[in-house]
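Asks:
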Amino acid sequence: MAFPDHRPRRLRNRPGLRRLMRETRLSADRFIAPLFVRGGKGVRTEISAMPGQFQLSIDTLVDEVKSIRDLGIPAVILFGIPDKKDGRGSGAYLPTGIVQQALTALREKVPGIELIADICLCEYTDHGHCGVVTGAGNAAAFSVENDPTLEILAEASVSLARAGAHVLAPSGMMDGTVRTMRDALDREGFDQVPILAYAAKYASAFYGPFREAAESPPQFGDRATYQMDPANFREAVTEMRLDLEEGADILMVKPALAYLDVIAAARARFDVPIAAYNVSGEYSMIKAAARNGWLDERKAALESLTAIARAGADMILTYWAKDAARWLAGTA
Ligand code: PBG
1126 MAFPDHRPRR LRNRPGLRRL MRETRLSADR FIAPLFVRGG KGVRTEISAM
1176 PGQFQLSIDT LVDEVKSIRD LGIPAVILFG IPDKKDGRGS GAYLPTGIVQ
1226 QALTALREKV PGIELIADIC LCEYTDHGHC GVVTGAGNAA AFSVENDPTL
1276 EILAEASVSL ARAGAHVLAP SGMMDGTVRT MRDALDREGF DQVPILAYAA
1326 KYASAFYGPF REAAESPPQF GDRATYQMDP ANFREAVTEM RLDLEEGADI
1376 LMVKPALAYL DVIAAARARF DVPIAAYNVS GEYSMIKAAA RNGWLDERKA
1426 ALESLTAIAR AGADMILTYW AKDAARWLAG TA
């Protein structure tokens, strides 16, 4: 054969050939849109660290979810911002909780889209940690108590399922969460509600903008005793295996872009659907660069989403869900 071997570039020479060779295809079918809901009426407050994302009240949320559905996106995931926070995070499990109310309204007014409820205490606790805390206020000596937190998560699961959640997504990284939730759901007749487990969730700097959006930064200390060390890979595999053994239906890796190796490993090792969370910081840094004219937002976002899919994610939680659906449909 002549040198050089021109097989690689021969297949890139024409647009139609490039389309035929494309190995990963994005479509709105993969997307899950994260949304932030709070009390009030007519609220649509832009999150300053996340341009294009809003805190919504239930009425504006209903409109937003309709437009997401009409773009062909199969699901949304809801995060709540309660009026009041307390030590136990009661806003997470009370039937009057903001997400519970939102689910009831969406079930009635927006059929035809899957409603995923995130389950965690950090948005609802006054200290901002994802579980029950002893020694609150003492950054050096506080403790996030695993087992007492499980009881609250079980209660929250049943409450959210009762309010109409189609899927529950525990994000707090407490040991035993999935089995505790599964048992509680099955006991209460919700054996058809799947659990999308945030299985490998890292203690990441890329959650910064979300914590502004959800008003949930820890008031003291950090999340290093429950979220994973970014340096660890084997531990992620163990976390995912444990969640699967406990009954998780779908495994999630979070964040996505800095953890593509973990997504690829999840895909290779576990024959269940894999989700990845293209988190707030991954969104905001491209937004910020685009605003400065340093990056083309559309190209950088679609490249990110394609890479996450190529690594092995079947579904992607992304703040670009609506924009990307429009870009892919050629309507924006
Ligand atoms: C709550 C939760 C967080 C995110 C999703 N669920 C924040 C955190 O763990 O501090 C982050 C999502 C994002 O950054 O987009 N536990």
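Numbering-wise (my numbering), the sequence shown opens with residue 1126 and increments by one. Just so it is clear, CB atoms sit at the ideal spot from N, CA and C, and this is done for glycine as well. Keep in mind that this is a model prediction, so the values were computed, not measured.
(1) Using C-beta distances below 6 Å, list every residue in its chain close to M1253, excluding the 5 sequence neighbours before and after it, in chain order.
(2) What first and last residue would you give for the alpha helix (DSSP H) that runs through T1149?
(3) So, with DSSP's three-state summary, where would you put Q1317?
(4) Count the other CB atoms within 10 Å of the CB of Q1317; is the residue buried (16 or more) or exposed (fewer)?
(5) Would you list, in sequence order, the uninterrupted alpha helix (DSSP H) runs of no fewer than 4 residues that lie entirely inside the segment 1329-1362?
(6) Pick from L1160, G1165, G1164, I1183: whose alpha carbon is nearest that of I1172?
(7) Where do the N-terminal and C-terminal ends of the alpha helix (DSSP H) with R1307 fall, by residue?
(8) By DSSP's criteria, I1441 is part of a beta bridge. Which residues make up the other side?
(9) Could you give the distance in angstroms between the alpha-carbon of G1455 and the alpha-carbon of M1126?
(10) For I1238, does the three-state DSSP call read helix, strand or coil?
(11) Indicate whether I1399 and A1322 have their beta-carbon atoms separated by less than 8 Å.
(12) Please check the pair K1447 and L1196, which I expect to be a contact at CB under 8 Å, by giving their CB distance rounded to whole angstroms.
(13) Just to confirm, does Y1351 get its C-beta within under 7 Å of one of the non-hydrogen atoms of the ligand PBG?
(14) Suppose contacts are defined by Cβ-Cβ distances below 8 Å. Is L1430 in contact with L1151 by that definition?
(15) Y1323 by DSSP, collapsed to three states: which one?
(16) In the segment 1193-1257, which residue ranges form an unbroken beta strand (DSSP E) of at least 3 residues, counting only runs that do not cross its ends?
(17) Can you tell me where the alpha helix (DSSP H) with V1387 in it begins and where it stops?
(18) Going by alpha carbons, who is nearest to Q1225 out of K1326, A1391, G1205?
(19) Could you please give me the residues that DSSP links to I1375 through a beta bridge?
(20) Leaving out five residues on either side along the sequence, give the residues of the same chain with a beta carbon under 6 Å from the beta carbon of D1439.
(21) My understanding is that S1405 touches F1331, with C-beta atoms under 8 Å, so please give their C-beta distance in whole angstroms.
(22) Beta-carbon within less than 7 Å of L1453's beta-carbon, same chain only, minus the 5 sequence neighbours each way: which residues are those?
(23) Is S1268 helix, strand or coil when you go by DSSP?
(24) Check for me: the alpha helix (DSSP H) holding P1133 runs from which residue to which?
(25) Which residue's Cα is closest to the Cα of G1212: G1237, I1198, L1231, E1270?
(26) Less than 8 Å between C-beta atoms, sequence neighbours within five positions excluded: which residues of the same chain meet that for A1279?
(27) What are the boundary residues of the beta strand (DSSP E) that T1170 is part of?
(28) Ignore the nearest five residues each way along the sequence and tell me which others in Y1402's own chain have a CB closer than 7 Å to its CB.
(29) Who are the Cβ neighbours of D1272 in its own chain at under 6 Å, not counting the five residues just before and after it?
(30) So, using beta-carbon positions, are R1194 and V1162 closer together than 8 Å?
(31) Is it true that the CB of L1203 sits closer than 8 Å to the CB of D1243?
(32) So, at 8 Å on beta carbons, what are the nonlocal neighbours of G1289 in its own chain, with the 5 sequence-adjacent residues on each side left out?
Replies: With the structure as the only source:
(1) One detail in the question is off: residue 1253 reads as Gly in this sequence, not Met. For G1253, same chain residues with a beta-carbon under 6 Å away, outside a window of 5 residues either side, are C1247, S1341, P1342, P1343, Q1344 in chain order.
(2) T1149 -> no alpha helix (DSSP H), and no H or E assigned at all.
(3) In the structure shown, Q1317 sits in coil (DSSP, three-state: anything other than H, G, I, E or B).
(4) Exposed, because fewer than 16 other Cβ atoms sit within 10 Å of the Cβ of Q1317.
(5) Complete alpha helix (DSSP H) runs here, min 4: 1333-1338.
(6) Relative to the Cα of I1172, the nearest Cα in the group L1160, G1165, G1164, I1183 belongs to L1160.
(7) Residues 1302-1312.
(8) Per DSSP, the beta bridge partners of I1441 are F1156, A1401.
(9) Taking the CA atoms as reference points, G1455 sits about 42 Å from M1126.
(10) Correct three-state label for I1238: coil.
(11) Here I1399 is not near A1322, since their CB atoms are 8 Å or more apart.
(12) Going by Cβ atoms, the distance from K1447 to L1196 rounds to 6 Å, so yes, they are a contact pair.
(13) No; taking the cut-off as 7 Å, the Cβ of Y1351 has no heavy atom of the ligand PBG nearer than that.
(14) Yes. Within cutoff.
(15) Y1323: strand per DSSP, three-state reduction.
(16) As far as the segment 1193-1257 is concerned, its whole beta strand (DSSP E) runs of at least 3 residues are 1200-1206, 1239-1244.
(17) Run containing V1387: 1385-1394, per the alpha helix (DSSP H) assignment.
(18) With distances taken between Cα atoms, Q1225 lies closest to G1205.
(19) Beta-bridge pairing links I1375 to L1321.
(20) The beta carbon of D1439 is closer than 6 Å to those of P1398, I1399 in its chain, skipping five residues each way along the sequence.
(21) Indeed, because the Cβ distance is near 7 Å, the residues count as touching under 8 Å.
(22) In the same chain as L1453, and ignoring 5 residues on each side of it, the C-beta atoms closer than 7 Å to its own belong to L1151, S1152, A1153, in chain order.
(23) In the three-state reduction of the DSSP assignment, S1268 falls in the strand class.
(24) Counting along the chain, the alpha helix (DSSP H) containing P1133 begins and ends at 1132-1135.
(25) Of G1237, I1198, L1231, E1270, the residue nearest in Cα terms is E1270.
(26) Cβ within range, chain order: T1305, M1306, D1308, A1309.
(27) Where T1170 is concerned, the enclosing beta strand (DSSP E) stretches over 1169-1171.
(28) Here the set comprises M1377, K1379, P1380, A1381, L1442.
(29) Excluding positions up to five away in sequence, the list is empty.
(30) Against a cut-off of 8 Å, the Cβ pair of V1162 and R1194 comes out as no contact.
(31) Result yes, Cβ atoms of D1243 and L1203 sit closer than 8 Å.
(32) Hits under 8 Å: L1228, T1229, L1231, R1232, L1240.
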